[in-house]
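Those protein sequences? They're chains A and B, same order as listed. Heads up: the first sequence is residues 1 to 81, going by the working numbering. Heads up: the second sequence is residues 1 to 106, going by the working numbering. Notes for the one structure printed next.
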Amino acid sequence: MPIAANELERLLREGIPGAEVTVTDLAGDGDHYSARVVSPAFSGLSRVKRHQQVYAALGGRMGGELHALQVQAVAPEEISK
Amino acid sequence: MSDAKSRIDEIVSNNEVVLFMKGTALFPQCGFSGRAIAILDHLGVPFETVDVLQDQEIRHGIKEYSDWPTIPQLYVNGEFVGGSDIMMEMFESGELQQLVGAPAAQ
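Shown next, in the form of structure tokens:
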């Protein structure tokens with residue numbers, strides 16, 4: 001069951017404190033997305049812990065109704081201009 | 001589920017580099033697993049794969065074991081490293097090469 005891009009964005013914004021979220025629908029089928037999430041909540045966390053926060057925000061949809069999501073979880077201070 | 005846990009314990013402790021994936025290294029059954037294999041091939045170190053499609057107990061057990069909802073999953077020296085996105089990030093930064101090239105630290 002596909003999930004809408006704006007619904008995905010909403011879940012991530014609400015689930016991760018201070019998150020700036022950019023969702024891209026990779027295949028145009030509502031089933032393959034990439035999400036870039038920038039949040040101070042990621043500062044000092046390992047990659048695994050960051051991704052686990054992203055998956056937690058999606059409340060069990062990942063691996064179920066949401067099949068394919070590429071995740072980039074970035075702390076604000078890591079953004080190079 | 002505890003049976004799955006002990007089986008996974010054994011797999012990750014007996015194999016320095018092991019990828020839980022869909023399909024085999026020659027015939028990955030999912031784009032993400034294929035990407036993970038491409039990265040491991042590039043590293044040029046020996047690695048083991050476990051096809052979760054052939055083993056429902058492992059397929060479900062590994063998600064709980066790692067607290068990670070998706071396949072593929074990479075383990076190095078008994079430690080969970082991540083899925084294909086993390087593998088790609090670490091490959092690009094050189095961290096993955098270091099992780100598998102060096103013997104188990106500590």
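By construction, the Cβ of each residue, glycine as well, lies at the ideal position given by its N, Cα and C atoms. The structure displayed is predicted, hence computed values, not measured ones.
Taking a cut-off of 8 Å on C-beta distances, the region 39 to 47 of chain A touches the region 72 to 79 of chain A, as three or more cross pairs fall below it. Residue B:Asp85 holds the alpha-carbon nearest to the alpha-carbon of Ala36 of chain B among B:Gln98, B:Asp85 and B:Glu92. What Tyr55 of chain A touches in chain B, judged by beta-carbon distance under 7 Å, is Pro69, going in chain order. At least one CB atom of chain B sits nearer than 8 Å to the CB of Arg47 of chain A. For the region 21 to 49 of chain A, the residues whose beta carbon sits under 7 Å from a beta carbon of chain B are, in order, Arg47 and Val48. Non-local C-beta neighbours of Ala68 of chain A in its own chain, meaning closer than 6 Å and more than five positions away in sequence, comprise His32, ordered along the chain. For the region 41 to 69 of chain B, the full-length alpha helix (DSSP H) segments reaching 4 residues or more read 56 to 66 along the chain. Residue range Val17 to Met21 is occupied by the beta strand (DSSP E) that includes Met21 of chain B. Per the coordinates, the alpha-carbon of Ala25 of chain B lies some 18 Å from the alpha-carbon of Val81 of chain B. The Cβ atoms of Leu53 of chain B and Gln73 of chain B lie no closer than 8 Å to each other.
For the C-beta of Gly82 of chain B, the chain A residues within less than 8 Å are, from N- to C-terminus, Arg47, Val48 and His51.
Only residues of its own chain outside the window of five on either side were considered, and among them Ala19 and Val21 have a CB closer than 7 Å to the CB of Arg13 of chain A, listed in chain order.
Taking a Cβ-Cβ cut-off of 9 Å, the neighbours of Val71 of chain A in chain B comprise Gly83, Asp85 and Ile86, given in sequence order. In the DSSP annotation of this structure, His67 of chain A is not part of any alpha helix (DSSP H), being labelled neither H nor E. In the structure shown, Pro76 of chain A falls within a helical segment according to DSSP collapsed to helix, strand and coil. Here DSSP, grouped into helix, strand and coil, assigns Ser39 of chain A to coil.
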